[in-house]
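One structure is given here, and the rest of the page talks about it.
Pasting the structure below:
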């Protein structure tokens with residue numbers, strides 16, 4: 001179990017690095033990548049974070065939790081009280097809470113979550129098949 005937690009923590013860090021890179025190197029990337037990949041990677045990071053905390057639970061539970069979290073953050077951007085707007089203007093607040101509601105972000109989150117979930121399922125199956133073949137040899 002500890003090994004899985006480590007793998008998910010690594011996935012969180014790698015996804016964060018890719019997300020920051022998509023912003024930092026924006027002038028060198030295609031406009032489609034700049035426009036869409038940051039939000040997809042943010043949602044992927046959220047998924048891997050939930051997996052890290054829920055390694056003993058089904059993948060679908062982590063998918064549902066990460067979707068609820070991501071969508072909740074997006075819809076919270078409709079709330080515009082002064083205190084939360086001030087928080088959003090900090091670096092950390094902006095990264096976690098975002099700046100303004102955008103319906104397209106929900107699509108980007110969905111794609112990022114589904115791709116992460118699919119990758120996770122595939123790696124689980126691959127690891128299971130690899131383990132089976134090593135025990136039958």
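In full-length UniProt numbering, the protein residues as written are 1 to 137. C-beta: ideal position from N, C-alpha, C; glycine also. In this text, all values refer to a predicted model and were calculated from it rather than measured experimentally.
- Query: Could you give the residue range of the alpha helix (DSSP H) that holds residue 217?
  - Reply: The structure shown does not extend to residue 217, since the chain is modelled only from 1 to 137, so the question has no answer here.
- Query: What's the call for residue 128, buried or exposed, on a 16-neighbour Cβ count within 10 Å?
  - Reply: Start at 1 with the first residue of the chain shown, and residue 128 comes out as number 128. Under a 10 Å Cβ-count criterion, residue 128 is classified as exposed, with fewer than 16 other Cβ atoms of the shown protein chains found around its own Cβ.
- Go ahead and pull the three-state DSSP assignment for residue 173. Lying before the first or after the last residue shown, residue 173 is absent from the chain, which here runs from 1 to 137.
- Message: According to DSSP, simplified to helix, strand and coil, what is residue 1?
- Response: If you number the chain shown from 1, residue 1 lands on position 1. It is coil, neither helix nor strand.
- Query: By the 10 Å Cβ neighbour count, where 16 or more other Cβ atoms means buried, how is residue 105 classified, buried or exposed?
  - Reply: For the purposes of this step, residue 105 is identified with residue 105 of the chain shown, where counting begins at 1. With 16 or more neighbouring CB atoms inside 10 Å of its own CB, residue 105 falls in the buried class.
- Task: Name the two residues that bound the continuous alpha helix (DSSP H) containing residue 144.
- Result: Residue 144 falls outside the range modelled here, since the chain spans only 1 to 137, and no answer is possible.
- Quick one: using the 10 Å Cβ neighbour count with 16 as the cut-off for buried, is residue 113 buried or exposed? Start at 1 with the first residue of the chain shown, and residue 113 comes out as number 113. So residue 113 ends up on the buried side.
- Which of helix, strand or coil does DSSP assign to residue 8? In the chain shown, the residue the question calls residue 8 occupies position 8. DSSP places residue 8 in helix when its eight states are reduced to three.
- Item | Buried or exposed (CB count within 10 angstroms, at least 16 for buried), residue 94 | As a working mapping, residue 94 is identified with position 94 in the chain shown. Under the 10 Å beta carbon count, residue 94 is surrounded by fewer than 16 other beta carbons and is classified as exposed.
- Task: In angstroms with no decimal places, state the Cα-to-Cα distance between residue 91 and residue 122.
- Result: Here residue 91 is taken as the residue at index 91 of the chain shown, counted from 1. Here residue 122 is taken as the residue at index 122 of the chain shown, counted from 1. Cα-Cα distance, rounded: 35 Å.
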